[in-house]
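Counting in UniProt numbering, the sequence shown runs without a single skipped number right up to 214 at its last residue.
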Amino acid sequence: MARDRSAVARAYALSILIHGAVLGMPMPHGSGRGASHPAPLQAILVNAVHLASARSEDSVLTPPVPMDASDVPEMDAPASADSTSASGIPLASPPPQPPEPMQPIYRTAAELHLKPIPLTPIDLAEFARIYPGARARFSVLIDEKGKIDAINVREGSHPALAEAFRSFLGKARFVPGRIAAQPVKSELMIEIALPELRPSTAPQGGSTATLRLQ
């Protein structure tokens, strides 16, 4: 509004100057007319005001034109919560899982320079009396200190004998197997065969229990 008033004031001043200039211009001789009259002040003022308004319109800032929704550029979809943190920084990938611990290796008799040996003899007399004619085969896993880690029944003609002998053998200790002079974990195969009961009048030959360490 203040800018429009200033433009009108300038236009009015300009109109006065133009009007004065017209009055001061000499008239040609012989025209038969008296002193000339200037153009109406109102017409000059209107033209000046129109000119000032046109200049004012050129400097007025027009408001932005609304855009259609189809013209608005699409924003990239935000990353999922699984790959970005709350601050928008991509999350690091999870650390790799540690490898599973390696299973211990027990050397067989064919790999050993010295097989494990029981520290005390294994007496089968009691087993022969309770389980006559029974047979069984065991896999015994022994650590590098001579202690038994596990006893597995491979074969057995009498389930009770297998369980009883495994319980009995679990208390035994061994000289560990060796490769060169180095004690190592080893596997020892033990086979037992118990004799059949014979009548008291029968010969006693071949009635002893046998134990094989392989």
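The beta carbon of each residue, even a glycine, is placed where N, CA and C say it ideally should be.
The model shown is predicted, which means the values in this text are computed figures rather than measured ones.
Does the distance from the C-beta atom of residue i to that of residue j stay below 8 Å?
i: Leu194; j: Leu124; result: yes
i: Leu119; j: Ser186; result: no
i: Ile117; j: Val175; result: yes
i: Phe127; j: Ala164; result: yes
Exposed or buried, residue i, counting other C-beta atoms within 10 Å across all chains shown (16 or more means buried)?
i: Lys115; result: buried
i: Ala162; result: buried
i: Ala52; result: Any reading at Ala52 must be qualified, since the residue scores a pLDDT of 48, below 50, and its modelled position is unreliable; no value is offered.
i: Met136; result: Note that residue 136 corresponds to Ala in the displayed sequence, not to Met. Result: buried.
i: Asp143; result: buried
i: Ala150; result: exposed
i: Ile192; result: buried
i: Ala160; result: exposed
i: Thr208; result: exposed
i: Ser15; result: buried
i: Thr210; result: exposed
i: Ser31; result: Residue confidence is low: Ser31 scores 48 on pLDDT, short of 50, so the model does not pin down where it sits. No coordinate-derived value is stated.
Report, in whole angstroms, the separation of the C-beta atoms of residue i and residue j, which I expect to be a contact under 8 Å.
i: residue 230; j: Ala109; result: Because the chain here runs from 1 to 214, residue 230 falls outside it and cannot be looked at.
i: Ala134; j: Ser157; result: 5 Å
i: Lys147; j: Arg173; result: 7 Å
i: Met189; j: Ser139; result: 6 Å
i: Leu197; j: Pro132; result: 4 Å
I'd like to know whether the C-beta of residue i is nearer than 8 Å to at least one C-beta of chain C.
i: Pro101; result: Among the protein chains of the structure shown there is no chain C, as only one such chain exists.
Going by DSSP, name the residue or residues bridged to residue i.
i: Gly177; result: Paired residues: none, contrary to the question.
i: Ser139; result: Asn152 and Met189
i: Leu213; result: Ile190
i: Pro118; result: Phe174
i: Pro183; result: Arg178
i: Arg10; result: Note: Arg10 sits in no beta bridge, so no partner.
i: Arg107; result: Ser186
How about residue i: is its Cβ closer than 7 Å to a heavy atom in the ligand COA?
i: Glu126; result: In terms of ligand content, the structure shown is empty, and the ligand COA therefore cannot be addressed.
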